[in-house]
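If you read the sequences in order, they're chains A and B. So that you can map any letter, position 195 of the first sequence is 201 in our numbering, and since no number is skipped, the others follow by simple counting. So that you can map any letter, position 67 of the second sequence is 105 in our numbering, and since no number is skipped, the others follow by simple counting. Quick notes on the structure that follows.
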Amino acid sequence: MLISVYIPFLVTAALAVLAPPVAHRLPPRPAALALACAALVTAAGWAGSLALLAFTGVAQIPQIAEEGRWSVSALRSQDPVYAVVAAASTLVLAVCVVSLGVAAVRQGRHLLRARRECAELPGHTELAVLDDDVPLAFALPGAPGRIVVSRGMLRRLGDAERLALLAHERAHLSGRHHVFQSVWRLSAALNPLLRPVAVAGSFVLERWADEEAAERVGDRTVVARAVGRAALASAGASRPAALAATGGVVPRRVRALLAPPPARRSLPLLAGGLLLAVCCASLANAASDSDRMLDSAQWALCRAHADTTPVAARTAHDDALGRGPDGCGGAPDHPEHGERHF
Amino acid sequence: MTGRGDEEAHEASGRRARGQLESDVLAALWAADGPRTAREVREQLPGDLAYTTVLTILSRLHDKGMLVRHREGRGYAYEPARDEASHTAQRMHSLLTGGSDRQAVLARFVSELSEQDEQLLQQLLLSGHDDVPPESRRAPGKR
């Protein structure tokens, strides 16, 4: 517990630093899947560790100890966590959970709005063309999702490039990329350390769609040209200063398309998987430690009770521990606690 | 885009492929300058689609009200049904101006470029291929 409870934090930090540059070099599809797994596991690990740390503090509040029937003094004597750490963890956990809730509501609302717009778009075709000169193209997730492209965009692209654009947006829809985006957004809301993972994730999704389009069209340079020309056309139409900070995405995509497709590599994925396994294992270890701590604190209270009030002995789940009957019948010990001892 | 002849083989994937072909044809007609006959549309699409396939798609799109057509010679010439009111365009633009978290729901084809990006991109496209038409290098922003 002393160390293992902090390991998920280390794993999260390591992934936040290492995952983005590695993901950019991998083939985009496995990279996106790996980043989604990593985000889910580390977000859960982060929340779990914070909860364990917070709990060691919360469990020492007398009212709560009374409710759970364990001894505060016994718990305090074993507790390896400083009260300050526990208090800080409680605070951070509360903030993170609120931020997750807000993000979930917003994301849900955006997805619902996109779905509604999808249904309201004219026609029942996959492609909805906007009668508008401003170049614009995006995929609108829904049931089914729609590809929205403006006339201005279609007219600025050549025949093959137009197909590349459609194939790209189609890949977003058929790959359910909005689900990936939601996973990253929500896990970054819960754990701010994961923000770089979310940013890398968005980029990897674009690359995924680019690669799928390249496969579809059968020519990487056509897709590169489509992306480049569309971006240049859009840049003329609007350039919000706020978004200039995301820079570099389009040139990086074009460069990747002009280069040969990225080679399959399994070593980074294996290493990442190992890291996530370590995260899970240490969280499980910390949880069982804290459970054991709580149990012995309950026993301490039982013993204290047994000293004062002689009650019938209870042996149901004591033998596994070799503690023998302690006369803890008065305390309604939860049976599942006893079974988890080892 | 080659093996288009096996539509009867896979019914489900065939339906999906038909939907995709509809999009391709629709996009081609919107990009064109005027009405196009089935033969002309077929030439705009890569791969060798059967003439009858293109014809079927065109008439289906016409039935859906996406295209208007008028007689030309022995057949029809098609063009997209314009939506002059363009409420839809306005709604879609308002969707896009909803901040970065809304943008994440919509998968945009291209994100905005910074000044440096633009130069870098032009260099990349030039070095990659020399056949980029000059009008696309700096499209005038019309609104």
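Cβ atoms here follow ideal geometry from the backbone N, Cα and C, with glycine treated the same way.
How would you call residue i, buried or exposed, if buried means at least 16 neighbouring beta carbons within 10 angstroms?
| i | result |
| --- | --- |
| residue 153(B) | exposed |
| residue 101(B) | exposed |
| residue 116(A) | buried |
| residue 110(B) | exposed |
| residue 130(A) | exposed |
| residue 157(B) | exposed |
| residue 60(A) | buried |
| residue 70(A) | exposed |
| residue 140(A) | buried |
| residue 263(A) | buried |
| residue 326(A) | Note that residue 326(A) scores a pLDDT of 43, beneath 50, so its modelled location is shaky; the value from the coordinates is reported in the next line. Exposed, by the Cβ-count rule. |
| residue 187(A) | buried |
| residue 4(A) | Examination of residue 4(A) is not possible in this model, given that chain A is present from 7 through 348 alone. |
| residue 265(A) | exposed |
| residue 2(A) | Here chain A comprises residues numbered 7 to 348, so residue 2(A) is not present and cannot be evaluated. |
| residue 163(A) | buried |
| residue 260(A) | buried |
| residue 63(B) | buried |
| residue 192(A) | buried |
| residue 34(A) | buried |
| residue 135(B) | exposed |
| residue 25(A) | buried |
| residue 169(A) | buried |
| residue 73(A) | exposed |
| residue 108(A) | exposed |
With residue i and residue j assumed to form a contact (beta carbons below 8 Å), what rounded beta-carbon distance in angstroms separates them?
| i | j | result |
| --- | --- | --- |
| residue 115(B) | residue 75(B) | 5 Å |
| residue 45(A) | residue 214(A) | Incorrect: roughly 16 Å between the Cβ atoms, too far for contact. |
| residue 98(B) | residue 60(B) | 7 Å |
| residue 142(A) | residue 133(A) | In fact, because the Cβ distance is near 13 Å, the residues do not count as touching under 8 Å. |
| residue 288(A) | residue 14(A) | 6 Å |
| residue 18(A) | residue 280(A) | Not confirmed; about 15 Å, so no contact. |
| residue 153(A) | residue 176(A) | 7 Å |
Quick check on residue i - is its C-beta less than 8 Å from some C-beta in chain B?
| i | result |
| --- | --- |
| residue 202(A) | no |
| residue 165(A) | yes |
| residue 176(A) | yes |
| residue 233(A) | yes |
| residue 105(A) | no |
| residue 187(A) | yes |
| residue 42(A) | no |
| residue 240(A) | yes |
| residue 97(A) | no |
| residue 129(A) | yes |
| residue 12(A) | no |
| residue 161(A) | yes |
| residue 168(A) | yes |
| residue 30(A) | no |
| residue 171(A) | yes |
Chain A beta carbons: is any one of them nearer than 8 Å to that of residue i?
| i | result |
| --- | --- |
| residue 78(B) | no |
| residue 88(B) | no |
| residue 5(B) | Missing from the structure shown is residue 5(B); chain B here goes from 39 to 181 and no further. |
| residue 149(B) | yes |
| residue 155(B) | yes |
| residue 126(B) | yes |
| residue 96(B) | no |
| residue 162(B) | yes |
| residue 143(B) | yes |
| residue 146(B) | yes |
| residue 93(B) | no |
Do residue j and residue i come within 8 Å of each other at the CB atom, strictly closer than that value?
| i | j | result |
| --- | --- | --- |
| residue 65(A) | residue 211(A) | no |
| residue 92(B) | residue 147(A) | no |
| residue 234(A) | residue 133(B) | no |
| residue 126(B) | residue 127(A) | yes |
| residue 119(B) | residue 96(B) | no |
| residue 161(A) | residue 69(B) | yes |
| residue 219(A) | residue 41(A) | no |
| residue 282(A) | residue 43(A) | yes |
| residue 356(A) | residue 196(A) | Given that chain A is displayed from residue 7 to residue 348, the structure contains no residue 356(A) and the question cannot be resolved. |
| residue 300(A) | residue 77(A) | no |
| residue 237(A) | residue 159(B) | yes |
| residue 166(A) | residue 99(A) | no |
| residue 138(A) | residue 112(A) | no |
| residue 86(B) | residue 257(A) | no |
| residue 55(B) | residue 145(A) | no |
| residue 194(A) | residue 203(A) | yes |
With a threshold of 8 Å between beta-carbons, can residue i be considered close to chain E, or not?
| i | result |
| --- | --- |
| residue 288(A) | Going by chain labels, chain E is absent from the structure shown, which instead holds the protein chains A and B. |
Legend entry - Near-chain B residues of the region 132-157 of chain A - C-beta to any C-beta below 8 Å: 132, 133, 134, 135, 136, 137, 138, 139, 140, 141, 142, 143, 144, 145, 146, 147, 153, 154, 155, 156 and 157
Legend entry - Residues of the region 114-125 of chain A with Cβ closer than 7 Å to any Cβ of chain B, in chain order: 116, 117, 120 and 123
Legend entry - Interface residues of the region 53-65 of chain B facing chain A [CB-CB below 7 Å]: 57, 58, 60, 61, 62, 64 and 65
Inset, instruction - Note down, in chain order, all residues in the region 208-238 of chain A with a beta-carbon under 9 Å from any beta-carbon belonging to chain B. - result: 208, 211, 212, 215, 222, 223, 224, 227, 230, 231, 232, 233, 234, 235, 236, 237 and 238
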